[in-house]
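Residue numbers (UniProt numbering), protein chains in the order written: chain A, 1 to 403; chain B, 1 to 403.
In this text, a Cβ means the ideal position worked out from N, Cα and C, and glycines have one as well.
Number of protein chains: 2
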Amino acid sequence: MTITAQDTAQLSPGVTAPLGFRASGVTAGLKASGRPDLALVVNDGPLSVGAAVFTTNRVVGHPVTWSRQVVADGVVNAVVLNSGGANVCTGPEGFLDTHRTAEKVGEALGVSPGDVVVGSTGLIGERLPIETLLSGVDLATNALSTTGGPAAAVAIMTTDTVPKTADVTVDGDFGTWRVGGMAKGAGMLAPGLATMLCVITTDAVVDAATADAALRAATRQTFDRIDSDGCMSTSDTVVLLASGASGATPDPEGFAAMVTAVAAQLARQLVADAEGAMHDIAITVTGAQTQDGALAVARAISRSNLFKAAIYGNDPNWGRILASVGTVPEHVAAFEPELLDVSVNGVMVCRAGGAHEPRSLVDLASQREVHVLLDLHAGTEVVTLWTNDLTHAYVTENSEYST
Amino acid sequence: MTITAQDTAQLSPGVTAPLGFRASGVTAGLKASGRPDLALVVNDGPLSVGAAVFTTNRVVGHPVTWSRQVVADGVVNAVVLNSGGANVCTGPEGFLDTHRTAEKVGEALGVSPGDVVVGSTGLIGERLPIETLLSGVDLATNALSTTGGPAAAVAIMTTDTVPKTADVTVDGDFGTWRVGGMAKGAGMLAPGLATMLCVITTDAVVDAATADAALRAATRQTFDRIDSDGCMSTSDTVVLLASGASGATPDPEGFAAMVTAVAAQLARQLVADAEGAMHDIAITVTGAQTQDGALAVARAISRSNLFKAAIYGNDPNWGRILASVGTVPEHVAAFEPELLDVSVNGVMVCRAGGAHEPRSLVDLASQREVHVLLDLHAGTEVVTLWTNDLTHAYVTENSEYST
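Quick look at the structure:
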């Protein structure tokens, strides 16, 4: 089996890499900036398999409420996504706006509105200009193409500085098949889904249960393991569409692995484009008794503003790491404080809970990636979580966003 | 009963407001800046009652480990506190440093080292210059005075810009008695104790059990209800010393109320001096089914960097409030998203989960205090938590602290 992955530095075809999909990205006029703001992804089959995972936030956008119903039967024909407004906390009228959007797409494509997933991203609490959006659906339908993946990826950007796409091609025993995807998200990245909007497509022949299992496994290992600023969105949606157009039927494990590979590429791209970040920080917790414990410890570090500000200042401040590790309760993660080892970019600055190599040996200035390795010495489980530093640019961007 | 409280704008005598206490603050030479860095508080009795609460962090400083043992029998004769180094993660030698400090104080004062509480604050992971500290103990002992409270408050400052002291005098049925206190802390303010170091004194006649109960009740309502940056310290210590010098024996409830009053004043001063903050934000959650639920909701809001950055930008971004409220699980706090009301500085910007009054009506620019009122409409419990905004100055201070 040969797997070829796009270099993420180039823009991969994304959702139109697999056979059986068309996509488009157009300017409906929802954004004051005049940038593209409406994307459409259509599954031309022969299968119309769909699965999705959503934010675990209890305050959710109307598109999430709608789309949960859409994917319940495992059938999805299209996904329509807009930037320029999240349609969250907009009252009953906001839900009608989502409903009308799905109806309009259904009409334009000749499919049931109940098989159209809707995703919206942008500011919370303001109605969308619905007539503008509905006119945009006509534009997007006319622009659909089998090479439209990159345009769709551009149209879902908000504060993102680059579009995010990825794909893999598998030349396997059962034939050649592909997985592609796109994502947006540059803030409010936190667990229980870390991206705001993501569409993954495949031309493999899979049923709804296999698609659902693969997507859940993939998000658990990827989007749920990035935590840029600890803030969970109301709108996070990851959709997987399968067209079956390749005719190839992979084994479920191999399929899940490839969905995970594409999701991992997209998740990494999200971290790399997080609002105002200067460093991408991989926190690896080893020697944990359980996976959940390792994740809780990694999460505690990733949520420490003091640690994140220190990394921004190129300061391998392991004291702040240990202080945040110590906040994890004993029943969640077993460890003895006097056994903890911490390495930053390969330099063990803390050994057995105390100072070891001089922190001046740690180079944080010459590259964007930072690798923190924490050994709990309590077991054999390992987890890596990605986060970002806390910078002036983050504060600027998030204090000026809506005003 | 008459209660007179110092105006917090003036410097109250703090720990020397009650009878039976001497204190001092001197420059031992622990700080490169040459500022005062060693404080001593001595209880001259006739009682030597002591109680304390400490950080719940599992990674703790040696002074915390030591002082837990000291207060176990309810007897404390003195508290020695240094800034210029936290003595955390410094290995077995670090514990010996704390031990030697207590021995030196015991020798200087003629009391048992086992009745001397030690508190240290500053950077984690570096040994204290112990000989310098021990010489400082002689200086501090010589400087002890019944008016030394303010000097002691100055000597425990790290990144604090002002010393924090408070006191109340109670002219009650059982005689006149006083409670005084001092605190330091301008970062790493989070629950499970929000301050780094605090000493509260009283000349009331109370036993160890009463003192302990009063202190726990007070911290639960005050220091545990401020959360500046979500980062829990390794060194948080709040000590209560009772001298009995007034001869007045208050009822336990009245006593706890006055300890709470002093703790509340100190906690409010900590928030007002939090690192780099431009706004002090009171988050009041009403209509909660339980106190714990209300607190969890308030805490979720106070931990949202997006919300805190918005307040810095004078933006009453209620969408970010609702997004953070939605992260609290149902079993922790009951509420329906479509019933939530949010007011900011008296303007109801969100009603029934949707936009209400225009956000432009909210004035955030003309004063430092911000009042956020969230009604869950799920019960009758109310909790107020204080936090700060996320500012450029916070990032600057915490990215440049140790380098």
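Handout entry: For Glu381/A, three-class secondary structure by DSSP
Key = strand
Handout entry: C-alpha gap between Val111/B and Val105/B, whole angstroms
Key = 8 angstroms
Handout entry: Residue of Met182/A, Ala213/A and Val118/A minimising C-alpha distance to Cys198/A
Key = Met182/A
Practice task
Measure from the alpha carbon of Ala264/B to the alpha carbon of each residue in Pro252/B, Met232/B, Arg216/B and Ser246/B, then state which is nearest.
Solution key: Arg216/B
Exercise for the section: Measure the C-alpha to C-alpha separation of Gln221/B and Thr202/A and round it to an integer number of angstroms. Expected result: 55 angstroms
Practice task
Specify the secondary structure class of Thr396/A as computed by DSSP and reduced to three states.
Solution key: helix
Problem - Whole-angstrom C-beta distance between Pro36/A and Val49/A, which should lie under 8 angstroms - result: Between Pro36/A and Val49/A the Cβ distance is about 28 angstroms, and since that is not below 8 angstroms, they are no contact.
Practice task
Report yes or no: is there a C-beta of chain A within less than 7 angstroms of the C-beta of His392/B?
Solution key: yes
Problem - DSSP-derived helix/strand/coil call for Asp341/B - result: strand
Exercise for the section: State yes or no: is the beta carbon of Cys89/B nearer than 7 angstroms to at least one beta carbon in chain A? Expected result: yes
Handout entry: Cross-chain neighbours of Met232/B in chain A, by beta carbon under 9 angstroms
Key = Ala323, Ser324, Gly326 and Thr327
Exercise for the section: Run the CB neighbour count on Arg303/B, radius 10 Å, all protein chains shown included, and call it buried at 16 or more, exposed below. Expected result: buried
Exercise for the section: Identify whether Phe255/A lies in helix, strand or coil by the three-state DSSP scheme. Expected result: helix
Problem - Cβ of Val162/A within 7 angstroms of any chain B Cβ - result: no
Exercise for the section: Consult DSSP for Lys104/B and reduce its assignment to one of helix, strand or coil. Expected result: helix
Practice task
Show which residues of chain B have a CB atom less than 7 angstroms away from the CB atom of Gly337/A.
Solution key: Residue 337/A is actually Pro in this sequence, not Gly. What Pro337/A touches in chain B: Arg58 and Val59.
Practice task
Flag this pair as yes or no: are the beta carbons of Glu23/A and Ala140/A separated by less than 7 angstroms?
Solution key: The question names Glu, but residue 23/A in the sequence shown is Ala. Result no, Cβ atoms of Ala23/A and Ala140/A do not sit closer than 7 angstroms.
Problem - Every unbroken beta strand (DSSP E) inside the region 293-380 of chain A [3 residues or more] - result: 341-344, 347-351 and 369-375
Practice task
Use the C-beta contact count for His62/B: other C-beta atoms within 10 angstroms, 16 or more gives buried, fewer gives exposed.
Solution key: buried
Exercise for the section: Express the C-alpha separation of Pro18/A and Cys89/A in angstroms, rounding to a whole number. Expected result: 36 angstroms
Exercise for the section: May I have the straight-line CA-CA distance separating Ala213/B from Val53/B, to the nearest angstrom? Expected result: 10 angstroms
Practice task
Provide the residue span of the beta strand (DSSP E) that contains Ile130/B, from first to last.
Solution key: Where Ile130/B is concerned, there is no enclosing beta strand (DSSP E), although the alpha helix (DSSP H) it sits in stretches over Ile130 to Ala143.
Practice task
Quick one: grab the DSSP three-state call for residue 405/A.
Solution key: In the structure as shown, chain A begins at 1 and stops at 403. Residue 405/A is therefore absent and cannot be evaluated.
Exercise for the section: Check whether the Cβ of Val15/A lies closer than 7 angstroms to any Cβ atom in chain B. Expected result: no
Handout entry: Residue-chain proximity (Ser399/A, chain B), Cβ-Cβ < 7 angstroms
Key = yes
Practice task
Please list, in chain order, all residues of the same chain as Ala261/B whose beta carbon is under 6 angstroms from its beta carbon, the five residues on each side excluded.
Solution key: Val168
Exercise for the section: Label Gly354/B either buried or exposed according to how many other C-beta atoms from any shown protein chain fall within 10 Å of its C-beta, with 16 as the threshold for buried. Expected result: buried
Handout entry: Proximal residues, the region 122-138 of chain A versus chain B, C-beta separation under 8 angstroms
Key = Leu123, Ile124, Gly125 and Glu126
Practice task
Report the rounded CA-to-CA distance for Leu11/B versus His331/A, giving the unit in angstroms.
Solution key: 44 angstroms
Exercise for the section: Starting from Gly149/A, trace the alpha helix (DSSP H) both ways and give me its first and last residue. Expected result: Gly149 to Ala155
Problem - Selection of the region 300-317 of chain B by Cβ proximity to chain A, strictly under 9 angstroms - result: Arg303, Ser304, Asn305, Leu306, Phe307, Lys308, Ala309, Ala310, Ile311, Tyr312, Gly313, Asn314, Asp315 and Asn317
Handout entry: beta strand (DSSP E) segments (min. 3 residues) lying fully within the region 14-55 of chain B
Key = 21-26, 38-43 and 49-54
Exercise for the section: Report the rounded CA-to-CA distance for Gly346/B versus Val372/B, giving the unit in angstroms. Expected result: 8 angstroms
Practice task
Using only alpha-carbon positions, find the residue among Thr290/B, Leu322/B, Thr327/B and Asn398/B that is nearest to Gly379/B.
Solution key: Thr290/B
Exercise for the section: Would you check if the distance between the CB atom of Pro13/A and the CB atom of Gly244/A is smaller than 7 angstroms? Expected result: no
Problem - Proximal residues to Ile130/B (C-beta, below 8 angstroms), its chain only, five neighbours per side dropped - result: Asp97, Arg100 and Thr101
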